[in-house]
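Engineer:
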Amino acid sequence: MSKAYVVVGNGVAGVSAALAIRSRDARGTIAVVSDEGDYFFSRTALMYAFMDRLPRRAMEPYERHTWRERGVELVRARVADLDASRHQLTLRDGRTLPYDRLLLATGSRARRIELPGVTDDLAGLVHFVTLQDLDACEQYAPTTKRAVVVGGGLIGIELVESLRFHGVAVTFLVREPWYWPAALSREEGEMTAREMRRHGVDVREGAELASVARDASGRVASVTTTAGETIACEMLGVCIGVAPQVEWLRGVATPPAMGRGVKVDATMRTTLDDVWAAGDCAELADGRVESIWYSAKRQGALAGENMSGRPKGYASPVFFNSAKLFELEYTTVGALAEVEDGAESLYATHPTRALSWRIVHSGDKVLGFNALGSRWDHTVITRWIEEQRPVDWVREHLRRAQFDVELGRAPLHEMTARALPIARKGVS
Amino acid sequence: MRRVGALQAVANDVTNRGVSAWLLAAVLLAFYLGLYIPGETARLLTTLGGGVWLLGVGVAAATAAVHAWFARRDGTLVVRDEAVLGAKVFGLLMATAGMSAWFARALEPAVHHGRHLLPSPGVTWSTPVLAALLGVALAMGVYGAVRVLRERGDKGAMLREATWVLLAAQLATVTLAYGTHLFDPGSAPVAGDHSPRAFASLLYLALDSKWTLYGLLYTCAVSAGGLYMLGRYLHNRYQVARTLVVIGVQATFGFSVPVLLKLFAQPQYYLSYFWPLKIDAFYPDNILRDPAPFVLWSFLGSLLLVPLLGIFFGKRWYCSWVCGCGGLANTAGEPFRHLSQKGEAAWRFEQASIYTVLGLAIVTTVLVALSALVGPNSALNGVWWSGTGAVSQWRVDGGLHSDAIVTVASKARYYYGLIVVAVLSGAIGVGLYPLGGTRQWCRNFCPMAALLGLIQKVGRYRIRVKEDMCISCGLCTQYCEMGIDVRAYAQSNETFVRASCVGCGMCAEVCPRGVLSLEQRWPGRAAQRAKPAAGLVQLRLRK
Ligand SMILES: Cc1cc2nc3c(=O)[nH]c(=O)nc-3n(C[C@H](O)[C@H](O)[C@H](O)COP(=O)(O)OP(=O)(O)OC[C@H]3O[C@@H](n4cnc5c(N)ncnc54)[C@H](O)[C@@H]3O)c2cc1C
Ligand code: SF4
Ligand code: SF4
Numbered sequence: 006m007s008k009a010y011v012v013v014g015n016g017v018a019g020v021s022a023a024l025a026i027r028s029r030d031a032r033g034t035i036a037v038v039s040d041e042g043d044y045f046f047s048r049t050a051l052m053y054a055f056m057d058r059l060p061r062r063a064m065e066p067y068e069r070h071t072w073r074e075r076g077v078e079l080v081r082a083r084v085a086d087l088d089a090s091r092h093q094l095t096l097r098d099g100r101t102l103p104y105d106r107l108l109l110a111t112g113s114r115a116r117r118i119e120l121p122g123v124t125d126d127l128a129g130l131v132h133f134v135t136l137q138d139l140d141a142c143e144q145y146a147p148t149t150k151r152a153v154v155v156g157g158g159l160i161g162i163e164l165v166e167s168l169r170f171h172g173v174a175v176t177f178l179v180r181e182p183w184y185w186p187a188a189l190s191r192e193e194g195e196m197t198a199r200e201m202r203r204h205g206v207d208v209r210e211g212a213e214l215a216s217v218a219r220d221a222s223g224r225v226a227s228v229t230t231t232a233g234e235t236i237a238c239e240m241l242g243v244c245i246g247v248a249p250q251v252e253w254l255r256g257v258a259t260p261p262a263m264g265r266g267v268k269v270d271a272t273m274r275t276t277l278d279d280v281w282a283a284g285d286c287a288e289l290a291d292g293r294v295e296s297i298w299y300s301a302k303r304q305g306a307l308a309g310e311n312m313s314g315r316p317k318g319y320a321s322p323v324f325f326n327s328a329k330l331f332e333l334e335y336t337t338v339g340a341l342a343e344v345e346d347g348a349e350s351l352y353a354t355h356p357t358r359a360l361s362w363r364i365v366h367s368g369d370k371v372l373g374f375n376a377l378g379s380r381w382d383h384t385v386i387t388r389w390i391e392e393q394r395p396v397d398w399v400r401e402h403l404r405r406a407q408f409d410v411e412l413g414r415a416p417l418h419e420m421t422a423r424a425l426p427i428a429r430k431g432v433s
Numbered sequence: 057m058r059r060v061g062a063l064q065a066v067a068n069d070v071t072n073r074g075v076s077a078w079l080l081a082a083v084l085l086a087f088y089l090g091l092y093i094p095g096e097t098a099r100l101l102t103t104l105g106g107g108v109w110l111l112g113v114g115v116a117a118a119t120a121a122v123h124a125w126f127a128r129r130d131g132t133l134v135v136r137d138e139a140v141l142g143a144k145v146f147g148l149l150m151a152t153a154g155m156s157a158w159f160a161r162a163l164e165p166a167v168h169h170g171r172h173l174l175p176s177p178g179v180t181w182s183t184p185v186l187a188a189l190l191g192v193a194l195a196m197g198v199y200g201a202v203r204v205l206r207e208r209g210d211k212g213a214m215l216r217e218a219t220w221v222l223l224a225a226q227l228a229t230v231t232l233a234y235g236t237h238l239f240d241p242g243s244a245p246v247a248g249d250h251s252p253r254a255f256a257s258l259l260y261l262a263l264d265s266k267w268t269l270y271g272l273l274y275t276c277a278v279s280a281g282g283l284y285m286l287g288r289y290l291h292n293r294y295q296v297a298r299t300l301v302v303i304g305v306q307a308t309f310g311f312s313v314p315v316l317l318k319l320f321a322q323p324q325y326y327l328s329y330f331w332p333l334k335i336d337a338f339y340p341d342n343i344l345r346d347p348a349p350f351v352l353w354s355f356l357g358s359l360l361l362v363p364l365l366g367i368f369f370g371k372r373w374y375c376s377w378v379c380g381c382g383g384l385a386n387t388a389g390e391p392f393r394h395l396s397q398k399g400e401a402a403w404r405f406e407q408a409s410i411y412t413v414l415g416l417a418i419v420t421t422v423l424v425a426l427s428a429l430v431g432p433n434s435a436l437n438g439v440w441w442s443g444t445g446a447v448s449q450w451r452v453d454g455g456l457h458s459d460a461i462v463t464v465a466s467k468a469r470y471y472y473g474l475i476v477v478a479v480l481s482g483a484i485g486v487g488l489y490p491l492g493g494t495r496q497w498c499r500n501f502c503p504m505a506a507l508l509g510l511i512q513k514v515g516r517y518r519i520r521v522k523e524d525m526c527i528s529c530g531l532c533t534q535y536c537e538m539g540i541d542v543r544a545y546a547q548s549n550e551t552f553v554r555a556s557c558v559g560c561g562m563c564a565e566v567c568p569r570g571v572l573s574l575e576q577r578w579p580g581r582a583a584q585r586a587k588p589a590a591g592l593v594q595l596r597l598r599k
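Chains F and E, in that order, give the protein sequences. Note that this note's numbering has the first sequence beginning at 6, numbered continuously upward. Note that this note's numbering has the second sequence beginning at 57, numbered continuously upward.
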């Protein structure tokens, strides 16, 4: 008998699972239920859509006829209830959906800020996670002279860059002493802040929001910082991180075990029979929630394989990531902030260009690598870390890991390195 | 969205395929039809008469119907959108028909009709206009020179700014050549006269053709667009180098060298084009007419240089660094690159059409060569062995009618020139920039691209994909002028080479995660090492 697979959430985790299931099970029915949009889209492309660099349709990684051809049914609805004892979902519109195997891939939602004056009906208040957030941004930007963006991470800087593109003046409030201490050293954070200032952003490190005032029409009029400064603005962007979108699961007929997210074992199975979870909403056995794209993709595919009968375990890879901070390319591999005591950095900069690399090491052992302003092949550095190449060797052979455009290699030989202590996050 | 001025609003409308884009496309289409095939265009319009309306309605309805069929398949059919599309196509056709008649008249060679509708030698513009234009050229030159000096030390930036000076020189030349009697000798130059005045009068003659005017405009467009490119991608050395070379090749081999050749009473040879793009390089009558060094260059280039460099560097060495068609696309056409048709239907069309044209090019060349061999006026008559005798024998015995071959060959030659060269490379190739992106010709029709693409598939060039780093944002696909779904490869960790890829490097430039890198290396270890991505598998793309 053919199986009925149901996936909740059409993000990258859910869709990767559906495709993995289909490649192993040609006959089962697959339904993907999601309420945000009709088709799978790339959340990471949100800023490019906002910046008019992509039409919305181009955010979709697959052509639309793919789903019909692959036999994946798309259901636009919000799931309201889960009854694992009856193998059944209830949608908010009252319909029920039976399943044999279920995947929860509900992703994450933007953290809200709790402050006097801030309610969800505040006009001009935006987050930057969903398509609906994008609608709101596009609605408010043309009538905004100045926006205040709160939050010192990746999503924050993406919103800031998009707003600058639209000619909006932006004040960026970063609570920490420098931008993004979870990933960058003070020097790197300051280099990024210089890049932002070069693009006209008013960056305020160590600044926190205290209250928000609205005008007669109910729109943001100004914000006040904890230092007592009042900044007039028409838009307030809150990008203080994301949290697994699992609150709805606390009230269902049969809730799975949950911590911050839905708890899963190494095969992405939850504590409920025939229910798996993957992506931003899943909490791994060691308590971590990996809310990044690659992890969601891997976990989704893995869950799909497990659901269609091939048991396979998940192992977190050596951490790597990359980003573009305005025009500054950023690559990171391994551990940089949370490292053993006694670890130190070797930090190299260029005399004139915004270019740096940093190797974090403990004695001779390389732990992590950070670079700004040029492109790197993280797979080469990962291999070096795994092969335990000594620091000096890595330093000498760095150019082998360069990934810049042809003719445009970053001039490593013009850079000078010095030792730096590891600055702990939040230490000012 | 953004608060913008009127000029910017029009520019946005053009690059977003708005109404202004359709208008611009009509102007370009009409210009090219009038330029390349004024006679045929005029004849067609006269023949059609009032039927032109009917034809417009028919084509518009058919386009809308096909589009609607695809939209319905995707479940995104909106009847109003299809009606609007039909109306736009109709408008495009009518505007093109109307304007092309005008362009055909305006661009008719002055020598034939003694008319000077466009500024051409012999027209003296009013002094203020001349002074203003020369003033602008001078200002641009000074501005460029100052900027070059300011960038001392940074060679890339110096070269970029030098383009201003080039542009200024071009503007001054056009103004002087077409706006004054400066070069007008008053009488035809006398043979053996080597005075500057005789030289000037030769220049006058050299510029006296719509093709030279066109070459000048083309070079200006490439330089101005190149300036825009350089300003935009100054941080990317690959783009800077490529753009400078493209401008340089156009200004020399694409324009001044042919003009100089004409000055020295040589055939106007474009040394940067090879068979099959320059199909007549292999036509026997040209081979016999043109000086030996040129013929040798064409043969060595087409048969040796092109394939060899193709094996080592992929097609990019030609399509993105040398060729004038690609040059215009990657400079003046740059703002339109994202409009290329994506998706598998477009890919299927491309494969069918480009190899068809390659086939036609080969067949036409062979036919023309044969006809020269066997025709009654065989070019080889008396050159070789007494070939005609043998062939006549052959004709009697084998039933091979040399007369028929000659007729068919001359027809093939004519229609290839009309359809492929004039309509597809000229009118459609450039005219549809604002609607379908910049590489219409290169992607769908160019026989040279077809050939180089096949070579590229077995050569060293490829686009390397950094494992697991792609976030599927889609910028690479959107900005690929060849409509390649780069994302499909990137998100499934697949290092790849597609026949159509011209190696413009823009996918690598726009990728916000630095996933892609153009490289030359034989497939082998690197390919084996890569592990397939988990999730977002590549579903349908064939290699
Ligand atoms: C602006 C932005 C930029 C980012 N950039 C990067 C980056 O550069 N690199 C990187 O690694 N990561 C990035 N991320 C993170 C990355 O996008 C996420 O890790 C990834 O999208 C998670 O995918 P997912 O499938 O788990 O969940 P999601 O993509 O969040 O999909 C979950 C879907 O489920 C739906 N859903 C939830 N509950 C229900 C319900 N009850 N009923 C029906 N549907 C429901 C939601 O509406 C949503 O559509 C970025 C995130 C944002 C917001
Ligand atoms: S794949 Fe990249 S390099 Fe090739 S044509 Fe497309 S954008 Fe240019
Ligand atoms: S631009 Fe880069 S990150 Fe975006 S889809 Fe293409 S390869 Fe992936």
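Every residue, glycine too, gets a C-beta built ideally from N, C-alpha and C.
Tell me the DSSP secondary structure of residue 294 of chain E in three-state form.
Structural biologist: Here residue 294 of chain E refers to the residue found at position 238 when the second sequence is read from its first residue. In the structure shown, residue 294 of chain E sits in a helix (DSSP, three-state: H, G or I).
Engineer: Are there 16 or more other CB atoms within 10 angstroms of the CB of residue 63 of chain E, so buried, or fewer, so exposed?
Structural biologist: The residue given as residue 63 of chain E occupies position 7 in the second sequence. Exposed: under 16 other Cβ atoms inside 10 Å.
Engineer: Against chain E, does residue 423 of chain F count as a neighbour if the rule is that its beta carbon must be under 8 Å from one of theirs?
Structural biologist: Here residue 423 of chain F is taken as the residue at index 418 of the first sequence, counted from 1. Chain E contact via Cβ: absent.
Engineer: Distance, Cα to Cα, residue 418 of chain E vs residue 506 of chain E?
Structural biologist: For the purposes of this step, residue 418 of chain E is taken as the residue at position 362 of the second sequence. For the purposes of this step, residue 506 of chain E is taken as the residue at position 450 of the second sequence. Cα-Cα distance, rounded: 12 Å.
Engineer: Just list the residues that DSSP pairs residue 207 of chain F with in beta bridges.
Structural biologist: Translated into the one-based positions of the first sequence, residue 207 of chain F becomes position 202. Paired residue(s): F:176.
Engineer: Looking at ligand 4, does it come within less than 7 Å of residue 110 of chain E, judged from the CB to the closest heavy atom?
Structural biologist: Ligands present in the displayed structure are limited to ligand 1, ligand 2 and ligand 3, and ligand 4 is not among them.
Engineer: Quick check: does the Cβ of residue 527 of chain E come within less than 7 Å of any heavy atom belonging to ligand 3?
Structural biologist: The sequence position of residue 527 of chain E within the second sequence is 471, counting from 1. Residue 527 of chain E: yes, Cβ under 7 Å from ligand 3.
Engineer: Since residue 385 of chain E contacts residue 537 of chain E with CB under 8 Å, what's their CB separation in whole angstroms?
Structural biologist: Along the second sequence, one-based indexing puts residue 385 of chain E at 329. Along the second sequence, one-based indexing puts residue 537 of chain E at 481. Sure, about 7 Å apart at Cβ, within 8 Å.
Engineer: Taking only heavy atoms of ligand 2 into account, decide whether any of them is closer than 7 Å to the Cβ of residue 537 of chain E.
Structural biologist: By 1-based counting over the second sequence, the position of residue 537 of chain E is 481. Yes, Cβ of residue 537 of chain E sits closer than 7 Å to a heavy atom of ligand 2.
Engineer: Rounded to a whole number of angstroms, what is the C-alpha to C-alpha distance between residue 263 of chain F and residue 199 of chain F?
Structural biologist: Position 258 of the first sequence, counting from 1, holds the residue named residue 263 of chain F. Position 194 of the first sequence, counting from 1, holds the residue named residue 199 of chain F. Near 41 Å, if we compare the C-alpha coordinates of residue 199 of chain F and residue 263 of chain F.
Engineer: From this set, F:329, F:422, F:259, F:175, which residue's C-alpha is nearest residue 377 of chain F's C-alpha?
Structural biologist: Here residue 377 of chain F refers to the residue found at position 372 of the first sequence. Taking only the C-alpha atoms, the option nearest residue 377 of chain F is F:329.
Engineer: Where does residue 6 of chain F land, buried or exposed, given buried means 16+ other C-beta within 10 angstroms?
Structural biologist: As a working note, residue 6 of chain F is residue 1 in the first sequence. That one is exposed.
Engineer: Taking only three categories from DSSP, how would you classify residue 443 of chain E?
Structural biologist: As a position in the second sequence, residue 443 of chain E is number 387, starting the count at 1. Any reading at residue 443 of chain E must be qualified, since the residue scores a pLDDT of 42, below 50, and its modelled position is unreliable; no value is offered.
Engineer: Which residues in chain F sit within 7 Å of residue 564 of chain E, going by Cβ to Cβ distance?
Structural biologist: By 1-based counting over the second sequence, the position of residue 564 of chain E is 508. Neighbours of residue 564 of chain E on chain F, chain order: 410.
Engineer: Can you determine whether any heavy atom of ligand 2 sits closer than 7 Å to the C-beta of residue 542 of chain E, and answer yes or no?
Structural biologist: Counting from 1 along the second sequence, the entry for residue 542 of chain E is found at position 486. Yes, the beta carbon of residue 542 of chain E sits closer than 7 Å to at least one heavy atom of ligand 2.
Engineer: Taking C-beta to C-beta, are residue 157 of chain F and residue 217 of chain F nearer than 8 Å?
Structural biologist: Residue mapping note: residue 157 of chain F aligns to position 152 of the first sequence, counting from 1. Residue mapping note: residue 217 of chain F aligns to position 212 of the first sequence, counting from 1. Cβ distance not < 8 Å, so residue 157 of chain F and residue 217 of chain F don't count as in contact.
Engineer: By the 10 Å Cβ neighbour count, where 16 or more other Cβ atoms means buried, how is residue 330 of chain E classified, buried or exposed?
Structural biologist: Within the second sequence, numbered from 1, the residue matching residue 330 of chain E stands at position 274. When all chains shown are included, residue 330 of chain E counts as buried.
Engineer: Can the beta-carbon of residue 316 of chain F be found less than 8 Å from the beta-carbon of residue 272 of chain F?
Structural biologist: Taking the first residue of the first sequence as 1, we reach residue 316 of chain F at position 311. Taking the first residue of the first sequence as 1, we reach residue 272 of chain F at position 267. Yes, Cβ-Cβ distance for residue 316 of chain F and residue 272 of chain F is below 8 Å.
Engineer: According to DSSP, what are the bridge partners of residue 328 of chain F?
Structural biologist: The count along the first sequence starts at 1 and reaches residue 328 of chain F at position 323. Answer by DSSP bridge pairing, in chain order: F:335.
Engineer: Is the Cβ-Cβ distance between residue 259 of chain F and residue 268 of chain F less than 8 Å?
Structural biologist: Here the question's residue 259 of chain F lines up with position 254 in the first sequence. Here the question's residue 268 of chain F lines up with position 263 in the first sequence. Against a cut-off of 8 Å, the Cβ pair of residue 268 of chain F and residue 259 of chain F comes out as no contact.
Engineer: Leaving aside the five residues before and after residue 416 of chain F along the sequence, list all residues of the same chain whose C-beta is less than 6 Å from its C-beta, in chain order.
Structural biologist: To locate residue 416 of chain F, count along the first sequence from 1; it is residue 411. Taken in chain order, the list of residues that qualify is empty.
Engineer: Quick one: what does DSSP say residue 303 of chain F is sitting in, helix, strand or coil?
Structural biologist: In the first sequence, counting from the first residue as 1, residue 303 of chain F sits at position 298. Residue 303 of chain F: helix per DSSP, three-state reduction.
Engineer: Please name the residues in the stretch 69 to 100 of chain F whose beta-carbon is closer than 9 Å to at least one beta-carbon of chain E, in chain order.
Structural biologist: Residues 69, 70, 71, 73, 74, 75.
Engineer: Is the CB of residue 568 of chain E under 8 Å away from at least one CB in chain F?
Structural biologist: Position 512 of the second sequence holds residue 568 of chain E. It does: the Cβ of residue 568 of chain E has a partner Cβ on chain F nearer than 8 Å.
Engineer: 8 Å is my cut-off, CB to CB: does residue 491 of chain E come that close to chain F?
Structural biologist: Position 435 of the second sequence, counted from the start, is the residue given in the question as residue 491 of chain E. Taking Cβ atoms only, chain F never reaches closer than 8 Å to residue 491 of chain E, which makes this a no.
Engineer: Examine ligand 2 and report whether any of its heavy atoms sits within less than 7 Å of the Cβ of residue 558 of chain E.
Structural biologist: In the second sequence, the residue the question calls residue 558 of chain E occupies position 502. Yes.
Engineer: Within this structure, are the beta carbons of residue 52 of chain F and residue 145 of chain F separated by less than 8 Å?
Structural biologist: Along the first sequence, one-based indexing puts residue 52 of chain F at 47. Along the first sequence, one-based indexing puts residue 145 of chain F at 140. Result no, Cβ atoms of residue 52 of chain F and residue 145 of chain F do not sit closer than 8 Å.
Engineer: Buried or exposed: which applies to residue 223 of chain F, given that a residue is buried once 16 or more other Cβ atoms fall within 10 Å of its Cβ?
Structural biologist: For the purposes of this step, residue 223 of chain F is taken as the residue at position 218 of the first sequence. By the neighbour-count rule (16 or more Cβ atoms within 10 Å), residue 223 of chain F is not buried but exposed.
Engineer: By the DSSP assignment, the beta strand (DSSP E) with residue 203 of chain E in it spans what residues?
Structural biologist: One-based indexing of the second sequence puts residue 203 of chain E at position 147. Looking at the DSSP string, residue 203 of chain E is not in any beta strand (DSSP E); the run it does join, the alpha helix (DSSP H), is 183 to 206.
Engineer: Count Cβ pairs between the stretch 547 to 565 of chain E and the stretch 344 to 364 of chain E that sit closer than 8 Å; are there 3 or more?
Structural biologist: These segments do not touch.
Engineer: What does residue 273 of chain F touch in chain E if you count any residue whose Cβ is under 7 Å from its own?
Structural biologist: On the first sequence, position 268 is the one that residue 273 of chain F refers to. Ordered by position in chain E, no residue passes the 7 Å Cβ test against residue 273 of chain F, which lies about 12 Å from the chain.
Engineer: Can residue 484 of chain E be considered in contact with ligand 2, in the sense that its beta carbon sits closer than 7 Å to one or more heavy atoms?
Structural biologist: For the purposes of this step, residue 484 of chain E is identified with residue 428 of the second sequence, where counting begins at 1. Residue 484 of chain E: no, Cβ never under 7 Å from ligand 2.
Engineer: Taking the alpha helix (DSSP H) that residue 151 of chain F belongs to, which residues open and close that run?
Structural biologist: In the first sequence, the residue the question calls residue 151 of chain F occupies position 146. Residue 151 of chain F -> not in any alpha helix (DSSP H); beta strand (DSSP E) instead, spanning 151 to 155.
Engineer: With a threshold of 8 Å between beta-carbons, can residue 58 of chain F be considered close to chain E, or not?
Structural biologist: Reading the first sequence from its first residue, position 53 is the one you call residue 58 of chain F. Yes, its Cβ sits closer than 8 Å to a Cβ of chain E.
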